[in-house]
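Worksheet for the structure shown next.
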Amino acid sequence: MTGKVSGVVARIKNVAKNCNSTHSILHRYALVTKRISATFKSVLDEAVKIINFIKSKPLQSGIFKAMCEDMGSLHTILLLHTEVRWLSRGKMLVRIFELRKEPMAYFIGHKFELSYRLNNMAWLSTLAYLADIFGKLNKLCLALQGKQVNILQAKDKLVAFSRRIQYWISAVEQNNFECFQTLSDFLEESEVDLDMEIYDGIKTHLSSLQQSLSDYFPNLENQDNYWVQNRFKIKEKPKGFHSMDYENLIELSTDTQLEAKF
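The structure is reproduced here in C-alpha cells:
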C-alpha cells in the first residue's frame with residue numbers, strides 16, 4: 001500500500017509531484033507510548049497476570065464478581081485478554097487499582113505468587129501512576145481517531161499533549177502530583193511520601209515520553225500550514241506559495257465581512 005515504487009503513495013506522487021505523505025499518526029503514537037522502564041513494565045505485566053489469574057476459570061471469575069458486588073465495588077467485571085491492546089491498558093490499571101482490596105480478600109483462600117503485591121506500597125504507587133498516565137494516553141489516542149479528525153487537528157492535539165508533559169515534569173519536580181489523580185489520592189489516603197526510586201522513575205518516564213514525541217513527530221511546532229486554520233492571522237507569504245497565490249490569500253485575509261462569519 002505504501003511501497004516506494006508501486007504503492008498507492010508512490011503512484012499519487014507520480015501524478016502530484018508536490019504532495020506530501022505522512023506515516024499513520026496513530027501508529028507512531030503507539031510506538032511513543034511503548035517506551036517504558038523495566039521496573040514500570042514489570043508492574044504492568046504483573047497487573048495483567050493478577051487479572052488473568054482471577055479470570056482463568058469461570059468459577060474464580062464468578063466468585064470474584066459476587067464478592068465485588070457484596071463489597072460494593074464499582075467494577076464487577078474485569079475485561080482483559082493476555083494480549084490486551086497496549087493503549088487500552090489505562091482502564092484495566094484503574095480497575096485493578098480500585099479493586100485492590102477485593103483481590104487481597106480473594107487471595108486469602110487462593111495461593112497466588114503475586115498476591116503480596118497488592119499490599120506493597122511501592123508497587124501500588126507505581127500502579128497508580130501507570131493507571132493515570134495510560135488513562136491520559138488512551139484519552140489522547142481516542143481524540144486522534146474518527147472520520148472528522150484531520151491531520152491539522154491531530155497535530156494540535158499532539159502539540160497540546162507535548163506541552164502537558166512538560167508541565168507534568170515541572171509539577172513532579174516540585175512534588176506536586178495533582179495532575180495524576182489516582183496517585184495523588186493514594187498518597188494522601190495512605191499518608192506516605194512517594195518512594196524516591198519511583199519518583200525518579202516517573203520523571204524519567206515523562207522525559208522519555210517527551211523525547212519520544214519529538215523523535216516520532218519532529219515537526220510538531222512547524223507553522224507552515226497555519227494559514228489553512230486561520231487565514232486572517234497570516235502576515236507573510238507561507239512557505240511554498242506562489243506570488244499569485246499569496247496575493248489571493250492577502251485579499252481573502254483582509255475581507256472583514258468574511259472574517260466576521262469565520
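In UniProt numbering, the protein residues as written are 1 to 262.
Glycine residues also receive a C-beta, built at the ideal position from the N, C-alpha and C atoms.
Being a predicted model, the structure only gives us computed values, none of them experimental.
Quick one, which of the options has its alpha-carbon nearest residue i's?
{"i": "tyrosine 216", "options": "Ile202, Lys34, Val192", "result": "Lys34"}
{"i": "alanine 160", "options": "Lys136, Gln148, Ala131, Thr126", "result": "Lys136"}
{"i": "arginine 163", "options": "Leu206, Trp123, Asn119, Ile12", "result": "Leu206"}
{"i": "glutamine 181", "options": "Lys49, Tyr129, Val43", "result": "Tyr129"}
{"i": "cysteine 179", "options": "Ile202, Leu144, Val43, Gly146", "result": "Ile202"}
{"i": "methionine 121", "options": "Asn219, Glu197, Glu173", "result": "Glu197"}
{"i": "glutamine 210", "options": "Leu118, Leu127, Ile36", "result": "Ile36"}
{"i": "residue 265", "options": "Tyr199, Ser184, Phe97", "result": "As displayed, the chain neither begins before 1 nor continues past 262, which places residue 265 out of reach and without an answer."}
{"i": "isoleucine 51", "options": "Glu189, Phe177, Asn14, Glu98", "result": "Glu98"}
{"i": "valine 133", "options": "Gly146, Glu173, Phe177", "result": "The question names valine, yet the displayed sequence has isoleucine at residue 133. Out of Gly146, Glu173, Phe177, Phe177 has the C-alpha closest to the C-alpha of isoleucine 133."}
{"i": "valine 172", "options": "Asp193, Lys139, Val15", "result": "Asp193"}
Can you give me the start and stop residues for the alpha helix (DSSP H) that residue i sits inside?
{"i": "glutamine 181", "result": "181-190"}
{"i": "phenylalanine 134", "result": "121-143"}
{"i": "asparagine 14", "result": "8-15"}
{"i": "glycine 201", "result": "196-216"}
{"i": "lysine 155", "result": "151-173"}
Contact check, residue i vs residue j under 8 Å by CB: the rounded distance?
{"i": "leucine 93", "j": "alanine 154", "result": "Contact flag wrong, Cβ pair sits at about 25 Å."}
{"i": "leucine 142", "j": "lysine 157", "result": "The Cβ separation is near 10 Å, so there is no contact."}
{"i": "arginine 95", "j": "leucine 124", "result": "Wrong, their Cβ atoms sit about 14 Å apart, outside the cutoff."}
{"i": "valine 43", "j": "leucine 127", "result": "6 Å"}
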